[in-house]
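Protein chains in written order, with our numbering: chain A, 113 to 341; chain B, 13 to 311. Beta carbons are placed, not taken as given, at the ideal position from N, Cα and C, and that holds for glycine.
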Amino acid sequence: MNTIIDLKTATTRALNSQLQSEAAAPAGSRWQITNVRGHHSVAVGIDRPLSVEIDGNTGYFCAGMNHGAEITVKGSAGQGVAETMSAGKVHVTGDASMAAGASGRGGLLVIDGNAAARCGISMKGIDIVVKGDVGHLSAFMAQTGRLVVLGDAGEALGDSIYEARLYVRGSVASLGADCIEKPLGDEHKAELAELLAAAGVTDVPVEAFRRYGSARKLYHFNIDNAGAY
Amino acid sequence: MCGIAGLFLKDSALEPRLGELLGGMMGPLSSRGPDSAGFAIYGDGRPDAVKLSLHGESEGHVTAVAGRLAEALGKELSFAIRHTHAIVSVPEGDLAHAEAWLAAHAPEISVIGKGRRMEIFKEVGNPVAVGKAFGIETMRGSHGVAHTRMATESAVTTDGAHPFSTGTDQCLVHNGSLSNHNSLRRELRREGVKIATENDSEVAAGYLTWRMRQGQSLGQALQSGLGDLDGFFTFVVGTESGFGVLRDPIACKPAVMAETDRYVAFGSEYRSLVDLPGIDNARVWEPKPATVYFWERGQ
Numbered sequence: 113m114n115t116i117i118d119l120k121t122a123t124t125r126a127l128n129s130q131l132q133s134e135a136a137a138p139a140g141s142r143w144q145i146t147n148v149r150g151h152h153s154v155a156v157g158i159d160r161p162l163s164v165e166i167d168g169n170t171g172y173f174c175a176g177m178n179h180g181a182e183i184t185v186k187g188s189a190g191q192g193v194a195e196t197m198s199a200g201k202v203h204v205t206g207d208a209s210m211a212a213g214a215s216g217r218g219g220l221l222v223i224d225g226n227a228a229a230r231c232g233i234s235m236k237g238i239d240i241v242v243k244g245d246v247g248h249l250s251a252f253m254a255q256t257g258r259l260v261v262l263g264d265a266g267e268a269l270g271d272s273i274y275e276a277r278l279y280v281r282g283s284v285a286s287l288g289a290d291c292i293e294k295p296l297g298d299e300h301k302a303e304l305a306e307l308l309a310a311a312g313v314t315d316v317p318v319e320a321f322r323r324y325g326s327a328r329k330l331y332h333f334n335i336d337n338a339g340a341y
Numbered sequence: 013m014c015g016i017a018g019l020f021l022k023d024s025a026l027e028p029r030l031g032e033l034l035g036g037m038m039g040p041l042s043s044r045g046p047d048s049a050g051f052a053i054y055g056d057g058r059p060d061a062v063k064l065s066l067h068g069e070s071e072g073h074v075t076a077v078a079g080r081l082a083e084a085l086g087k088e089l090s091f092a093i094r095h096t097h098a099i100v101s102v103p104e105g106d107l108a109h110a111e112a113w114l115a116a117h118a119p120e121i122s123v124i125g126k127g128r129r130m131e132i133f134k135e136v137g138n139p140v141a142v143g144k145a146f147g148i149e150t151m152r153g154s155h156g157v158a159h160t161r162m163a164t165e166s167a168v169t170t171d172g173a174h175p176f177s178t179g180t181d182q183c184l185v186h187n188g189s190l191s192n193h194n195s196l197r198r199e200l201r202r203e204g205v206k207i208a209t210e211n212d213s214e215v216a217a218g219y220l221t222w223r224m225r226q227g228q229s230l231g232q233a234l235q236s237g238l239g240d241l242d243g244f245f246t247f248v249v250g251t252e253s254g255f256g257v258l259r260d261p262i263a264c265k266p267a268v269m270a271e272t273d274r275y276v277a278f279g280s281e282y283r284s285l286v287d288l289p290g291i292d293n294a295r296v297w298e299p300k301p302a303t304v305y306f307w308e309r310g311q
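Structure below.
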C-alpha cells in the first residue's frame, strides 16, 4: 500500500527525513507524493530500494543522491534531477531542465521528454536515456557511463569527454572538443539494446544510432599547445 | 540569483486580476532576490496623455511634488499616489515642459518610467512587503513583469531595482550580469540614450530602446542583443502591446514558461507559476537558449 505525503501540509525536510529513515521507510515500501508544486529537493538522499511516485512538476535537485530507490516523476523536473545518483532508477515522464543526471555515479535516469542544457554533465557511471532531445554541452566532461538520446543533441556534445559512451539517433548540432564519432560495434549494439529495453523502448532498432566518444587527445598536456594558454 | 515573473494575458476577463496574479507569482521568488522588488504594469491609458512614474522619498513628498507640477503646468493633473510613488498623467503637449520642470525643480525625484499604459513601481525591501506597500494586488492590466533582486553589479537602492525603463512604454527585467555594460553605456549615451544609473541591466534596456529607435521591432532588437550583449542574462521585456523573453546562449539563468488559451506566463522557477488558473493543464516548457520569444496583443 502507498503511503501518501501531501506537500501542501508536509515540508520537504519532513518528507526527506521520513524517506531517509529506515524505520519510517523500510526497503520495499511504496510512497506517493502529492501537491509537489515545484518544490526543490524532493525525495533526495534515499539509500534504500523504495518505490516513490511524485505527482506533478518538481523544482531543483529532485531525486538527488539517489542510492537504490525507484523514483517516478509524473511531470517535468527542474534542474539537476537525479544529480549524483549512484544506484536505482529515476523516471521523468515529462521534460527535464538543465544538468539532468549531473555527476551521477550509477543507476538509470530515463526522461520521456526533452532534457535541456548540460544533460549528463560530468557523469561518472550513470546511464541516461532521453527519449526526446538534449540541449547544448550535454555530457560535458563525461567520465564513464552511457548517454542515449533518441532525438537530437545540441551544440558541443561531449566536450572534453573522457570514457563515457554517447549514442544519438538524431542530429548532433556540433561535437565538443575531443569528441568524435566512433564505429558502432556489436558490443555497442548489445549494450544499447539493453539500455533501450531498460528504458522501455521497444520500437527503435539499435542500428538507428550513431556512437560518439573521446578522441583521447586531451588526456595529457601537449607541449605543442603551450602557446594556447 | 534574482527572480523574474511575467504575465501576458490573452483573455481580457483576467485583466482585473493581473496585479493579484503577478503579485502572487512574486512570493516564491523572494528567496531568489530578497533585497528589492519592482513591477511594471500595463494598465489603462488615454490616447492624449502620458503617465510619468515618479519615485520620491515618501507619500507626502511625491504628493507635494505632483501638486507643484500641476501648478507649474497650470492644469488639473490626475495622479495616483501609491507608497513612495506618484503616477502622474500629463497631457501629451505638456510632457516636455513637465519633464524639464521636474529636472529643474524636483531633482530628487526619479522619473522611473513613462508610458501611455505602463506604470512602474519599485523599492528596496522584502518583495512581498514591497508588493503590499504598492497595493499590487489591486492593479488591473493586460500584462506585467515583476522582479526580485539580489544585487551583484550595483548598490541596493531603489534606482538599482528593476524594472528599468529607457523608452516610452518599454521596460526590462534581468536575471544575470553583463560584462560589457561600461563600454556599451558610453556608446549608448553618445547615441543619445538616457541611462540614469551605473547598473548593468539598465544598459540592456537602453540597448533595446536604441535598436527600436533605429526601427527594429522588439523581436529584432532582442535578436541583435544576442550579438552585442556580453554576459549572462535572462531578460523579460514589455512594450505597450508586447511581451518578450530572451536567454543568453549559455543559459545558466533559469526560466520556465507556461501557456494556456488565457495567458502566457514566465517564472524563474516553476514554483512561481503554481497558483495561476488552469496551470495543471497548461503547456509548461523551458525557453531555449539564444531564442527570441515574443507575444503581441491583437489590435
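Where residue i meets chain A, residues with beta-carbon distance less than 9 angstroms
i	result
V296(B)	N169, G187, S188, G206, D207
P266(B)	Y172, G190, Q191, S209, M210
9 angstroms Cβ cut-off: residues of chain B touching residue i
i	result
G288(A)	Chain B residues near G288(A): none, gap ~14 angstroms exceeds 9 angstroms.
G150(A)	P40, V268, G279, E281, Y282, R283, S284, L285, V286
Chain B residues whose Cβ lies nearer than 7 angstroms to that of residue i
i	result
G270(A)	Within chain B, no residue comes near G270(A); the closest Cβ sits about 17 angstroms away, beyond 7 angstroms.
Whole-angstrom C-beta distance between residue j and residue i, which should lie under 8 angstroms
i	j	result
T209(B)	S236(B)	Contact flag wrong, Cβ pair sits at about 23 angstroms.
P261(B)	S280(B)	Going by Cβ atoms, the distance from P261(B) to S280(B) rounds to 18 angstroms, so no, they are not a contact pair.
F176(B)	A141(B)	Wrong, their Cβ atoms sit about 22 angstroms apart, outside the cutoff.
Y282(B)	D23(B)	About 22 angstroms; that fails the 8 angstroms criterion.
A194(A)	G213(A)	5 angstroms
G216(A)	A228(A)	With 8 angstroms as the limit, G216(A) and A228(A) do not qualify as a contact, their Cβ atoms being about 16 angstroms apart.
M130(B)	D181(B)	5 angstroms
G15(B)	L33(B)	In fact, because the Cβ distance is near 16 angstroms, the residues do not count as touching under 8 angstroms.
A118(B)	V77(B)	5 angstroms
A52(B)	G147(B)	Actually they are not in contact, since the Cβ atoms of A52(B) and G147(B) sit about 15 angstroms apart, beyond 8 angstroms.
R258(A)	R230(A)	Between R230(A) and R258(A) the Cβ distance is about 17 angstroms, and since that is not below 8 angstroms, they are no contact.
Y324(A)	E293(A)	5 angstroms
Backbone CA spacing between residue i and residue j [nearest angstrom]
i	j	result
D264(A)	H300(A)	19 angstroms
S284(B)	D292(B)	13 angstroms
E271(B)	P289(B)	11 angstroms
C183(B)	G250(B)	5 angstroms
L312(B)	L107(B)	Chain B is shown only over 13 to 311; residue 312(B) falls outside these bounds and no answer can be derived.
S122(B)	K206(B)	13 angstroms
A199(A)	S253(B)	51 angstroms
I166(A)	G266(A)	29 angstroms
A251(A)	R328(A)	15 angstroms
G297(A)	V313(A)	20 angstroms
N178(A)	V261(A)	22 angstroms
T169(B)	A49(B)	10 angstroms
A122(A)	F173(A)	18 angstroms
G55(B)	H155(B)	8 angstroms
G282(A)	V156(A)	32 angstroms
R202(B)	I99(B)	30 angstroms
S133(A)	A208(A)	28 angstroms
G36(B)	L127(A)	25 angstroms
V242(A)	V157(B)	34 angstroms
V74(B)	I93(B)	7 angstroms
P86(B)	V257(B)	Note that residue 86(B) corresponds to Gly in the displayed sequence, not to Pro. So the two alpha carbons sit approximately 42 angstroms from each other.
Q255(A)	K236(A)	5 angstroms
P301(B)	I158(A)	33 angstroms
Coarse secondary structure for residue i, derived from DSSP in three states
i	result
P103(B)	strand
P11(B)	In this structure chain B extends from 13 to 311, so residue 11(B) is not present and cannot be described.
P301(B)	coil
Q132(A)	helix
K120(A)	coil
I335(A)	helix
N293(B)	helix
Y274(A)	coil
N194(B)	helix
P40(B)	helix
V313(A)	coil
K226(B)	A small fix is needed here, since residue 226(B) is Gln in this sequence, not Lys. If DSSP states are grouped into helix, strand and coil, Q226(B) belongs with coil.
H186(B)	strand
V202(A)	strand
D298(A)	helix
P169(B)	Looking at the sequence shown, residue 169(B) is not Pro but Thr. In the structure shown, T169(B) sits in coil (DSSP, three-state: anything other than H, G, I, E or B).
8 angstroms Cβ cut-off: residues of chain A touching residue i
i	result
P301(B)	A229, G247, H248
Residue-chain proximity (residue i, chain E), Cβ-Cβ < 8 angstroms
i	result
V154(A)	Among the protein chains of the structure shown, namely A and B, there is no chain E.
Give the residues from the segment 273-288 of chain B that approach chain A closer than 9 angstroms (Cβ to any Cβ), ordered along the chain.
G279, E281, Y282, R283, S284, L285, V286, D287
Between the segment 207-227 of chain A and chain B, which residues of the former have a C-beta closer than 8 angstroms to a C-beta of the latter?
D207, S209, M210
Note down, in chain order, all residues in the segment 250-264 of chain B with a beta-carbon under 7 angstroms from any beta-carbon belonging to chain A.
A263
If you measure beta-carbon to beta-carbon, which residues of the segment 115-139 of chain A are closer than 9 angstroms to chain B?
none
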